[in-house]
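Chains as they are written, first to last, in this note's numbering: chain X, 168 to 523; chain R, 168 to 523. Contents: one structure, followed by commentary.
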DNA sequence: GCAAAATTTGCATTCGTATGCATCGAATAT
DNA sequence: ATATTCGATGCATACGAATGCAAATTTTGC
């Protein structure tokens with residue numbers, strides 16, 4: 168009666184035979200909304216269960232030309248932000264009955280093999296995150312008629328959609344926050360130079376500082392890598408005119424910078440040095456770091472991403488859509504506090520100067 | 168000449184027509200080792216390029232009944248160990264021309280839907296990691312004739328393979344290390360109670376302590392979750408007879424325990440409290456933590472995992488294989504040091520008592 | 001109870017590729 | 001030069017499920 172053990176080759180035809188109906192009937196039983204009487208449906212379900220039948224998604228894909236697979240490209244997962252994204256994407260896609268084909272662990276250079284695989288599997292959509300090969304790759308995919316969403320990255324060309332947060336405003340708010348905190352000299356540890364997030368955060372920061380009359384900004388590059396961020400921090404913090412406050416382009420690097428500052432240079436944070444990050448990733452919340460940081464609304468970003476994909480898949484129309492969400496400046500202990508502007512919300516302290 | 172833009176429906180037949188050959192010829196061109204003359208091969212390749220043709224992996228799978236997809240099940244990615252595994256798996260599988268279908272972000276409870284999806288996609292193999300539903304799920308899959316490898320977990324039933332490290336020996340070595348370090352009272356913060364890793368590490372630890380004449384072990388459970396580990400640490404460290412040394416079942420929790428010890432209870436590590444972890448995950452190496460920990464040889468574990476799968480896929484024989492690798496006790500700053508037994512290797516300090 | 005409409009059902013075909021088999025041509029052997 | 005072999009090629013079919021269409025059945029209306 169039970170079965171459990173399932174022979175590899177249980178096909179719809181075998182079930183049909185066993186249930187005394189046609190193969191079409193079996194197919195319709197498993198196709199929501201198909202025309203089938205409750206009676207035969209039950210018969211089929213019974214036989215299916217007995218034989219341990221499950222529709223073959225491959226065969227289905229072939230004929231519907233829908234794989235129900237979404238490719239996710241994340242070159243590296245070192246930054247905890249991305250595993251979080253992945254987990255949330257897993258949830259969101261599963262809810263829509265889609266599956267997640269992951270491309271990771273390859274060096275950024277060789278985009279071509281990845282692209283080839285994507286095309287061969289006829290994925291229904293593509294999410295590009297944490298990869299610098301976005302631009303070229305995305306254009307190609309879009310040209311091939313596959314919906315593409317850039318996650319946490321944008322591009323000028325308008326063929327592909329994107330989901331981001333207000334990086335520019337974030338950078339600006341951080342500048343305001345640091346100025347309000349009484350700092351007078353500033354540093355920036357940059358992410359990947361050609362990434363839109365880095366560019367926008369930087370520009371907003373510079374703009375915000377300038378608006379307050381500060382132009383003495385020192386810059387080093389960490390390329391979103393821990394190792395390089397450490398090196399950058401060493402250089403910046405060894406300067407005679409070491410800045411009082413540093414905006415690090417993301418939390419992943421900020422953690423490294425804090426370690427270097429404290430343990431290699433013996434600096435007290437925030438008394439002697441203020442650090443602000445971006446992302447509000449796990450370790451930022453750990454007591455050892457307590458990083459003051461611009462949060463990215465992960466859940467909403469993922470929702471938007473999946474939304475866009477589902478829309479484009481359903482409509483068949485690939486029209487680039489750009490969703491820009493906003494985060495908050497979460498105030499913790501890694502930076503000196505301004506006199507005012509800090510409010511409490513949902514048990515967190517955030518920076519909200521009056522005009523905002 | 169170039170093309171770039173690719174019409175959705177370029178099939179092998181279209182290429183065949185364009186090249187003036189049969190569809191079979193096109194197929195053979197893209198099938199390594201098939202019988203085809205260099206001349207026609209070139210003709211086909213030229214046409215394929217011009218039309219932007221790529222073999223349809225779905226259709227190929229249908230007929231070969233090989234999807235070249237490996238399912239990876241990781242219920243959660245909070246513990247950085249798993250993203251690392253994922254990245255390495257991505258690399259290793261790509262090298263074998265396999266792809267990675269990721270199942271993540273679901274609560275452990277509902278294993279059934281996951282199982283259903285696995286079966287429907289006719290994946291060629293399954294890797295189960297960081298999930299407690301291993302036992303039931305794995306049996307089912309194995310019964311269905313799909314190779315399964317448990318990653319960092321074992322099970323008694325011998326239907327499924329597994330790759331682990333010597334958890335028991337690891338626990339024992341940690342006990343030896345702590346005893347040699349002069350500690351006299353001990354604590355254990357446990358992982359998931361029904362997981363084999365937790366059980367083995369615990370048993371080895373207890374055994375090692377007992378061998379040295381210590382039986383005064385206090386235990387709390389953190390279930391491999393950060394939040395619960397924090398709570399466990401609070402309880403354990405508030406005891407009047409707080410232990411001098413704590414073995415935390417993995418680094419992910421050890422980080423949390425250190426934060427609580429330092430910032431909530433003001434304890435100095437390692438002067439007043441020694442902490443040892445397991446995994447040697449990223450944050451363990453960060454200066455703020457510098458966790459002394461049993462390493463798990465990630466790369467080799469992944470290699471073995473993929474090895475086992477490839478073997479079983481190639482041979483069609485599913486014979487459970489259990490690979491057990493060994494790690495090292497990496498000595499850092501979170502625990503008091505023994506007088507002897509610490510040696511340097513590859514720029515790292517490891518604990519290697521004479522008999523080992 | 002009968003005709004018309006609505007619903008089920010089965011047949012046959014399709015998706016795009018791989019592959020056994022037969023055929024054909026060229027290369028080798030005698 | 002002819003017989004033999006071997007590689008290259010094409011034909012036809014198969015993989016497993018979805019679906020348009022027509023036939024069969026049930027339901028509805030009067």
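C-beta atoms are modelled at their ideal positions from N, C-alpha and C, and glycine is treated no differently.
For residue 463 of chain R, tell me which candidate among R/215, R/318, R/519 and R/197 has the shortest Cα-Cα distance.
As a working mapping, residue 463 of chain R is identified with position 296 in the second chain. Closest option to residue 463 of chain R, Cα to Cα, is R/318.
For residue 406 of chain X, is the classification buried or exposed, using 16 other Cβ atoms within 10 angstroms of its Cβ as the cut-off for buried?
Counted from its first residue, the first chain places residue 406 of chain X at position 239. By the 10 Å Cβ count, residue 406 of chain X comes out exposed.
With which residues is residue 241 of chain R paired in a DSSP beta bridge?
Along the second chain, read from residue 1 onward, the residue named residue 241 of chain R stands at position 74. According to DSSP, residue 241 of chain R bridges with R/271 and R/296.
Report the neighbours of residue 271 of chain R on chain X: residues whose CB is nearer than 7 Å to its CB, in chain order.
As a working mapping, residue 271 of chain R is identified with position 104 in the second chain. Result: 253, 254 and 257.
Measure the C-alpha to C-alpha separation of residue 400 of chain R and residue 354 of chain R and round it to an integer number of angstroms.
Here residue 400 of chain R corresponds to residue number 233 of the second chain, with the count starting at 1. Here residue 354 of chain R corresponds to residue number 187 of the second chain, with the count starting at 1. Straight-line Cα distance between these residues: approximately 10 Å.
Measure the C-alpha to C-alpha separation of residue 196 of chain R and residue 202 of chain R and round it to an integer number of angstroms.
If you number the second chain from 1, residue 196 of chain R lands on position 29. If you number the second chain from 1, residue 202 of chain R lands on position 35. Going from the Cα of residue 196 of chain R to the Cα of residue 202 of chain R covers about 8 Å.
With a cut-off of 8 Å, does the C-beta of residue 454 of chain X fall near any C-beta of chain R?
Reading the first chain from its first residue, position 287 is the one you call residue 454 of chain X. Cβ-Cβ to chain R under 8 Å: yes for residue 454 of chain X.
Per DSSP, what are the beta-bridge partners of residue 511 of chain X in this structure?
On the first chain, residue 511 of chain X is found 344 positions in, with the first residue counted as 1. Paired residue(s): X/516.
Could you tell me whether any Cβ in chain X is nearer than 8 Å to the Cβ of residue 372 of chain R?
Indexing the second chain from 1 puts residue 372 of chain R at position 205. Not one chain X Cβ lies under 8 Å of residue 372 of chain R.
Out of X/243, X/242 and X/249, point me to the one whose CA is closest to residue 245 of chain R's CA.
The residue you call residue 245 of chain R lines up with position 78 of the second chain. Of the listed residues, the one whose Cα sits closest to residue 245 of chain R is X/249.
Residue 188 of chain X: buried (16+ other C-beta within 10 angstroms of its C-beta) or exposed?
Locating residue 188 of chain X in the first chain gives position 21, where the first residue counts as 1. By the 10 Å Cβ count, residue 188 of chain X comes out buried.
Going by C-alpha distance, which of R/397, R/206, R/351 and R/392 is nearest residue 384 of chain R?
Working through the second chain from its first residue, we reach residue 384 of chain R at position 217. Closest by alpha carbon: R/351.
Return no unless some Cβ of chain R is closer than 8 Å to the Cβ of residue 496 of chain X.
If you number the first chain from 1, residue 496 of chain X lands on position 329. Taking Cβ atoms only, chain R never reaches closer than 8 Å to residue 496 of chain X, which makes this a no.
What residues of chain X sit near residue 243 of chain R, judged by a beta carbon separation below 8 Å?
For the purposes of this step, residue 243 of chain R is identified with residue 76 of the second chain, where counting begins at 1. Per Cβ cutoff of 8 Å: 254.
Hey, is residue 422 of chain R's beta-carbon within less than 8 Å of any beta-carbon in chain X?
Here residue 422 of chain R refers to the residue found at position 255 of the second chain. Yes, residue 422 of chain R counts as interfacial toward chain X.
DSSP state of residue 504 of chain X, grouped into three classes?
Against the first chain, residue 504 of chain X aligns to sequence position 337. Coil.
Compare the Cα-Cα distances from residue 365 of chain R to each of R/228, R/496, R/339 and R/345 and report the closest residue.
For the purposes of this step, residue 365 of chain R is taken as residue 198 along the second chain, with counting starting at 1. It is R/339.
Does the pairing of the region 203-214 of chain R with the region 256-274 of chain R give three or more beta-carbon distances under 8 Å?
Touching, no.
Expressed to the nearest angstrom, what Euclidean distance is found between the alpha-carbon atoms of residue 253 of chain R and residue 477 of chain R?
The residue you call residue 253 of chain R lines up with position 86 of the second chain. The residue you call residue 477 of chain R lines up with position 310 of the second chain. The alpha-carbon atoms of residue 253 of chain R and residue 477 of chain R are separated by roughly 17 Å.
With a threshold of 7 Å (Cβ to nearest heavy atom), would residue 388 of chain X be considered close to the ligand ZN?
Because no ligand of any kind appears in the structure shown, any question about the ligand ZN cannot be addressed here.
State the Cα-Cα distance for the pair residue 316 of chain R and residue 207 of chain R, rounded to the nearest angstrom.
Stepping through the second chain from its first residue, residue 316 of chain R is reached at position 149. Stepping through the second chain from its first residue, residue 207 of chain R is reached at position 40. If you take the alpha carbons of residue 316 of chain R and residue 207 of chain R, they lie about 43 Å apart.
Under 7 Å Cβ-Cβ, which residues of chain X neighbour residue 233 of chain R?
Mapped onto the second chain, residue 233 of chain R falls at position 66. By Cβ distance, chain X contributes nothing, its closest Cβ being about 10 Å from residue 233 of chain R, past 7 Å.
What in chain X is Cβ-close to residue 432 of chain R, meaning under 8 Å?
Here residue 432 of chain R refers to the residue found at position 265 when the second chain is read from its first residue. Those within 8 Å of residue 432 of chain R in chain X number zero; the least Cβ separation is about 12 Å.
Return the chain-ordered ranges of every beta strand (DSSP E) run that is complete within the region 395-447 of chain X and spans a minimum of 3 residues.
Segments of the beta strand (DSSP E) lying fully in the region 395-447 of chain X: 412-415 and 441-446.
Cα separation between residue 325 of chain R and residue 512 of chain R?
Start at 1 with the first residue of the second chain, and residue 325 of chain R comes out as number 158. Start at 1 with the first residue of the second chain, and residue 512 of chain R comes out as number 345. Distance between the alpha carbons of residue 325 of chain R and residue 512 of chain R: 37 Å.
What residues in its chain sit with their C-beta under 6 Å from that of residue 411 of chain R, if we drop five residues either side in the sequence?
The residue labelled residue 411 of chain R in the question sits at position 244 within the second chain. Here the set comprises 350 and 352.
Report the three-state DSSP secondary structure of residue 341 of chain X (helix, strand or coil).
Along the first chain, read from residue 1 onward, the residue named residue 341 of chain X stands at position 174. Looking at residue 341 of chain X - three-state DSSP - the assignment turns out to be helix.
Where in the region 209-267 of chain X do unbroken runs of the alpha helix (DSSP H), each at least 4 residues long, occur, reported from the N-terminal end onward?
Qualifying alpha helix (DSSP H) stretches, in chain order: 224-231 and 248-262.
Can you list the residues of chain X that residue 289 of chain R reaches, using a CB-CB cut of under 8 Å?
As a position in the second chain, residue 289 of chain R is number 122, starting the count at 1. Result: 223, 224 and 225.
Going along the chain, which residues of the region 205-220 of chain R sit with their C-beta nearer than 7 Å to a C-beta in chain X?
Listed in sequence order: no entries.
Between residue 345 of chain X and the rest of its own chain, which residues show a CB-CB distance below 6 Å, the 5 nearest in sequence each way excluded?
Here the question's residue 345 of chain X lines up with position 178 in the first chain. So the list reads 412, once near-sequence residues are dropped.
Is any beta-carbon of chain R found at less than 8 Å from that of residue 228 of chain X?
Residue 228 of chain X sits at position 61 when you count from the first residue of the first chain. With 8 Å as the cut-off, residue 228 of chain X counts as an interface residue toward chain R.
How would you list, in chain order, the residues of chain X whose beta-carbon sits under 9 Å from the beta-carbon of residue 487 of chain R?
To locate residue 487 of chain R, count along the second chain from 1; it is residue 320. None at all; the shortest Cβ gap to chain X is about 17 Å.
Does any residue of chain R have a CB that is nearer than 8 Å to the CB of residue 267 of chain X?
Looking up residue 267 of chain X in the first chain gives position 100. It does; some Cβ of chain R falls within 8 Å.
What residues from the region 443-475 of chain R come within 8 Å of chain X, judged by C-beta to C-beta, listed N to C?
Of all residues in the region 443-475 of chain R, 449, 450, 453, 454, 455 and 456 have a Cβ within less than 8 Å of some Cβ in chain X.
Output yes or no for whether 8 Å exceeds the beta carbon distance between residue 229 of chain X and residue 225 of chain R.
Residue 229 of chain X sits at position 62 when you count from the first residue of the first chain. Residue 225 of chain R sits at position 58 when you count from the first residue of the second chain. Yes. Within cutoff.
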